[in-house]
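In order, the protein sequence lines correspond to chains U and R.
If you read the first sequence in my numbering, its first letter stands for residue 7, the second for the next number, and so on.
If you read the second sequence in my numbering, its first letter stands for residue 400, the second for the next number, and so on.
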Amino acid sequence: MITIDFEDVFEPIDVAEDLSFMTFNSFIKSNGYVNIKINITPLLEPLLPNVYNLSFGPYSKNGEIDDFAKINHSDKNKVFSTILLYALTFLQANNEITIGIDGSDDIRAYLYHRMFKSNKEYLADYFMAIGVDWYLRLLRNDQIELDVSGSPFFKPKPEPFNYNRASIDLYRYYMFHLKK
Amino acid sequence: MKEKVQNKINHIRELAKGSGMISNSSDRKLSQSNDSLSKVIRNPQEATLFCAELNAVISILNKQ
């Protein structure tokens, strides 16, 4: 379980002037540390002007963030507290924005889901949490709606995060907005 | 908000001021290519509908 505490975070190293990224060092279990970069960037310009994506991870060999990397952090609580404090910093400066995080795999999505649930009271002082499910339309002929390529025609639908959902009943996408 | 938390936020913002750093375009592209929401919103109409639903959810949460 991850416990968020905004008073126990890693010291920033680099911070972008427009708050689009920040880096910090996280200690790892096998000694040493890894440099982690947090990115907050527009998701679908200009279609979703007020939705930004949060991603994080170490640098890959080509200098980009590897958000699929599996790292044995010594202090996961501090890592995620640092990431969410940075998101809070960004949202205070851009309070019309909603930040989205996409579990790059089920393990990460499960982690986010548990993090929202287990820190409900603490995070409620700062954020409003939103879950997004994908829905399919059932046609009158009992077939599901398909797109032109023959793939299911998914429609994303946001809702207030349902804390009563089981931890294994993951959302497809997680979002949070600054608490007014 | 706790003063200690706000002080940490202010510290980050101070570091950002005048740092002269901006994100690079490859990071932006990577965020979008890995993001599932951007893959299921295919056109402006779907984006408008999603934004309206998102704003409605935010409005509900603001009233709670």
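Backbone N, C-alpha and C fix where the C-beta goes; we use that ideal spot for every residue, glycine too.
The structure presented is a predicted model; accordingly, all values stated were derived computationally and were not measured.
CB contact check: residue i to chain R, cutoff 7 Å
i, result
"P18 of chain U", "yes"
"D139 of chain U", "no"
"F33 of chain U", "no"
"D108 of chain U", "yes"
"I150 of chain U", "no"
"Y179 of chain U", "yes"
"L50 of chain U", "yes"
"S26 of chain U", "yes"
"F160 of chain U", "yes"
"L53 of chain U", "yes"
"M121 of chain U", "no"
"E127 of chain U", "no"
"I42 of chain U", "no"
"I136 of chain U", "yes"
"F30 of chain U", "no"
"N168 of chain U", "no"
"I37 of chain U", "It should be pointed out that residue 37 of chain U corresponds to Asn in this sequence rather than to Ile. So no, N37 of chain U is outside the interface."
Proximal chain R residues relative to residue i, where beta-carbon distance stays under 7 Å
i, result
"F62 of chain U", "Within 7 Å Cβ-Cβ: nothing; F62 of chain U doesn't reach chain R, min ~10 Å."
"A22 of chain U", "A415, S418, M420, I421 and S422"
"H183 of chain U", "I457"
Minimum Cβ-Cβ distance from residue i to chain U less than 7 Å
i, result
"N461 of chain R", "yes"
Contact list for residue i against chain R, beta-carbon separation under 8 Å
i, result
"T104 of chain U", "L453 and I457"
"E165 of chain U", "V456"
"L131 of chain U", "The question names Leu, but residue 131 of chain U is Asp in the sequence shown. What D131 of chain U touches in chain R: M400."
Neighbour-count burial assignment, residue i, 16 or more Cβ in a 10 Å radius
i, result
"G156 of chain U", "exposed"
"D131 of chain U", "exposed"
"A455 of chain R", "exposed"
"A22 of chain U", "buried"
"F74 of chain U", "exposed"
"S87 of chain U", "buried"
"S26 of chain U", "buried"
"I421 of chain R", "exposed"
"K76 of chain U", "exposed"
Proximal chain R residues relative to residue i, where beta-carbon distance stays under 9 Å
i, result
"L176 of chain U", "By Cβ distance, chain R contributes nothing, its closest Cβ being about 12 Å from L176 of chain U, past 9 Å."
"I8 of chain U", "The premise fails here: I8 of chain U is roughly 17 Å from chain R at the closest Cβ pair, so nothing lies under 9 Å."
"V15 of chain U", "K407"
Residue i - partner residues in DSSP beta bridges
i, result
"Y118 of chain U", "In the DSSP output, where bridge partners are listed per residue, Y118 of chain U has none listed."
"D434 of chain R", "Answer is none; D434 of chain R lacks a bridge partner."
"V40 of chain U", "U:S32"
For the region 71–103 of chain U, which residues have a beta carbon sitting closer than 8 Å to at least one beta carbon of chain R? So the list reads I71, D73, L91, Y92, L94, T95, Q98 and A99, given in the order they occur along the chain.
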